[in-house]
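Residue numbering for the sequence shown follows our numbering, beginning at 16 and increasing consecutively. No residue lacks a Cβ here, since even glycine has one placed at the ideal position from N, Cα and C. To keep things clear, I will list the structure first and then write my remarks on it.
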Amino acid sequence: MVEVLVLGVLLLVPLVYLVVVVGRVQAAAFAAEGGAREAARVLAQPVDGDAAGAARDARAVVALAAEDQGFAAGDAHLEVACEASPCATPDALVRTTVRLDVVLPGVPRVLAGAVPTSVEVEARGSAVADRFAAAVGP
């Protein structure tokens with residue numbers, strides 16, 4: 016009877032740890048994917064043609080996506096590549112990349128040199144600026 020209990024615990028603990036780690040990595044993937052997609056859309060369609068405001072809004076979107084999945088806003092890093100300057104130039108392609116580090120729970124920092132203590136999740140998004148946005152006026 017004791018053997019079954021010990022064997023059950025020895026199998027259950029790693030399984031629970033695996034579920035927790037996979038859940039955190041999946042949450043990071045959701046955050047990175049959503050942040051990259053929406054940041055590209057924000058940059059491709061700025062409000063009132065404000066490029067600086069669009070960049071600020073894109074960073075806010077990525078931070079919100081990270082916070083929605085339980086990560087700190089500063090954990091997500093946004094990179095932007097635009098075909099034209101400003102990014103919202105008609106028909107210009109906007110590419111965004113969001114990187115998020117997932118710290119593995121339960122791994123001591125002392126082992127950082129010998130064992131990876133985090134996993135990097137990366138997602139990319141793209142959007143094309145509206146061709147006719149400049150033609151629309153008041």
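| query | result |
| --- | --- |
| Range covered by the alpha helix (DSSP H) that runs through residue 56 | 17-59 |
| Assigned secondary structure, residue 76 (DSSP; H/G/I helix, E/B strand, else coil) | helix |
| Where residue 124 sits in the DSSP three-state scheme | helix |
| Three-state class that DSSP yields for residue 90 in the structure shown | helix |
| With 16 other Cβ atoms within 10 Å as the buried cut-off, status of residue 62 | exposed |
| Beta bridge counterpart(s) of residue 68 as assigned by DSSP | Bridge partners of residue 68: none, in fact. |
| Validate contact between the region 132-143 and the region 96-116 using beta carbons, cut 8 Å, 3 pairs | yes |
| Same chain, Cβ closer than 8 Å to residue 34, neighbours up to 5 away in sequence not counted | none |
| Residues near residue 124 by beta carbon distance below 8 Å, same chain, minus five either side | 132 |
| Local conformation of residue 140 per DSSP, three classes | strand |
| Bounding residues of the beta strand (DSSP E) (the contiguous stretch that carries residue 108) | 108-118 |
| CA nearest to the CA of residue 56, picked from 136, 77, 37 and 129 | 77 |
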